[in-house]
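Read in the numbering used here, the sequence shown has 125 at position 115, and its numbers run on one by one without any break.
Ideal Cβ positions, reconstructed from N, Cα and C, are used throughout, including at glycine.
In what follows, a structure is listed as structure tokens, so that the remarks can point back to it.
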Amino acid sequence: MRKGNLKKAEKNDMNIVIDAFHTLGNEIKSLKEQLVIKERLAALGEVSAGIAHEFRNPMAVIAGHVRLLLKNLDQGDSRREIVHGILSEIEEMNRIMEEFLKFSRAEPIDKVDIDITKTIKAVISEMGDEGERIEFPFNDAIMAKGDEILLRQVIKNLIRNALDAGDRVWIDIENGLSLNKEGVFISVRDNGKGIPEEDLKKVFMPFYTTKERGMGIGLALVQKIIIGHGGNVGVESKNGKGSIFKLFLPVV
Ligand SMILES: Nc1ncnc2c1ncn2[C@@H]1O[C@H](COP(=O)(O)OP(=O)(O)OP(=O)(O)O)[C@@H](O)[C@H]1O
Ligand SMILES: [Mg+2]
11 MRKGNLKKAE
21 KNDMNIVIDA
31 FHTLGNEIKS
41 LKEQLVIKER
51 LAALGEVSAG
61 IAHEFRNPMA
71 VIAGHVRLLL
81 KNLDQGDSRR
91 EIVHGILSEI
101 EEMNRIMEEF
111 LKFSRAEPID
121 KVDIDITKTI
131 KAVISEMGDE
141 GERIEFPFND
151 AIMAKGDEIL
161 LRQVIKNLIR
171 NALDAGDRVW
181 IDIENGLSLN
191 KEGVFISVRD
201 NGKGIPEEDL
211 KKVFMPFYTT
221 KERGMGIGLA
231 LVQKIIIGHG
241 GNVGVESKNG
251 KGSIFKLFLP
261 VV
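Here it is as structure tokens:
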């Protein structure tokens, strides 16, 4: 039957059904994407945890030997400086291993009622002077369900990246619907150099970085945490104008 032959009420009913199918289709697509990401992260997590584990013991043994060496060198010995250098590199490697493990651990998500406004304000105030480059003109409570510690990590990573890219950051929050689910939208925008279109897909990949001292874990962690909360995260960027990272966090 052609839609043109239908009465107005029937047309309305049909549109409702079509809309419902549309939403369902989008929901299935989004769940499928989330599943692929979760599986990929789980596989990578296992490999990272394995590598980190294998490295831990030999590193501890090396550190032990080096400390012994240091003990046997006289205070005035010029070689002490070299040995101190080796020790601080070992510490740096341990720090990287800890980051790997943090990323690979399947941390349980402890969802409670939280006020997103407060969470964001707490992260900004932790940033000290740098916080002055961030605009967040909100005071009213916006409630969501989430793990306070993990969500702080999310906000912190997005702000850190935005401050690395530009000199000003704008944070916005509002209640809304995504695929018929109620929740909170959070966006973090900067006036940085932007991300070239061909790199947009890569930024959430674990260990993708363009920074000299970056590890490429920040955004992978953000994605892992947000998907773990049943939400989603995306990015839009204009070369030379800045980027905006948008999160959706369902309330239930
Ligand atoms: N706001 C931004 N503007 C421009 N590029 C960005 C922005 N956020 C992320 N990127 C790009 O995405 C890459 C990956 O970001 P991600 O936070 O995962 O790792 P990182 O910042 O390089 O290192 P770290 O593990 O310390 O966070 C960055 O190296 C950068 O190239
Ligand atoms: Mg980062």
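Going along the chain, which residues of its own chain have a beta-carbon closer than 8 Å to the beta-carbon of residue i, five neighbours each way excluded?
| i | result |
| --- | --- |
| GLY55 | PHE113, SER114, ARG115, ALA116 |
| ILE72 | ILE100 |
| GLY226 | MET215, PRO216, PHE217, TYR218, THR219 |
| LYS121 | LYS155, GLY156, ASP157, HIS239 |
May I ask you to list the residues that DSSP assigns as paired with residue i?
| i | result |
| --- | --- |
| PRO260 | GLY193 |
| ARG105 | The partner list for ARG105 (beta bridge, DSSP) is empty, contrary to what the question assumes. |
| SER88 | SER88 pairs with nothing; no bridge assigned. |
| GLU249 | Strictly speaking, residue 249 in this sequence is Asn, with Glu absent from that position. ASN249 pairs with nothing; no bridge assigned. |
| MET153 | ASP125 |
| GLU145 | TRP180 |
| ARG199 | TRP180, ILE254 |
Quick check on DSSP: helix, strand or coil for residue i?
| i | result |
| --- | --- |
| ASN185 | strand |
| ALA62 | helix |
| ALA172 | helix |
| ASP139 | helix |
| GLU2 | Residue 2 is absent from the model: the chain starts at 11 and stops at 262. |
| GLU117 | coil |
| GLY244 | strand |
| LYS167 | Inspection of the sequence shows that residue 167 is occupied by Asn rather than by Lys. DSSP places ASN167 in helix when its eight states are reduced to three. |
| PHE214 | coil |
| GLU20 | helix |
| GLY204 | coil |
| GLU100 | Here the sequence assigns Ile to residue 100, which means Glu is not the residue at that position. Here ILE100 sits in helix by DSSP. |
Say the cut is 8 Å; is the CB of residue i nearer than that to a heavy atom of ligand 1?
| i | result |
| --- | --- |
| PHE110 | no |
| THR129 | no |
| ASN249 | no |
| VAL133 | no |
| ILE181 | no |
| ASP209 | yes |
| GLY55 | no |
| VAL194 | no |
| GLY202 | yes |
| THR33 | no |
| VAL213 | yes |
Check whether the Cβ of residue i lies closer than 9 Å to any Cβ atom in chain B.
| i | result |
| --- | --- |
| ARG170 | Going by chain labels, chain B is absent from the structure shown, which holds only one protein chain. |
Under 7 Å Cβ to Cβ from residue i, same chain only, skipping five residues before and after it: list those, please.
| i | result |
| --- | --- |
| LEU210 | VAL245, SER247 |
| LEU263 | As displayed, the chain neither begins before 11 nor continues past 262, which places residue 263 out of reach and without an answer. |
| LYS203 | ALA175, GLY250 |
| PRO133 | At residue 133 the sequence reads Val, which differs from the Pro that was named. Here the set comprises ARG162, ILE165, LYS166, ILE169. |
| ARG66 | MET107 |
| ALA230 | PHE113, PHE214, MET215, PRO216 |
Closer than 6 Å by C-beta to residue i: which residues in its own chain qualify, once you throw out the five before and the five after it? Chain order, please.
| i | result |
| --- | --- |
| PHE110 | SER58, ALA62 |
| ILE196 | ILE183, LEU257 |
| GLY193 | PHE258, LEU259, PRO260, VAL261 |
| GLU145 | TRP180 |
| ILE119 | ASP157, GLY238 |
| GLY186 | PHE195 |
Ligand 2 and residue i: does the residue's C-beta get closer than 8 Å to at least one heavy atom of that ligand?
| i | result |
| --- | --- |
| ASP174 | yes |
| GLY224 | yes |
| GLY228 | yes |
| ARG199 | no |
| ARG170 | yes |
| ASN167 | yes |
Unbroken alpha helix (DSSP H) runs of length 4 or more, entirely within the region 25 to 70: which are they? Qualifying alpha helix (DSSP H) stretches: none in this window.
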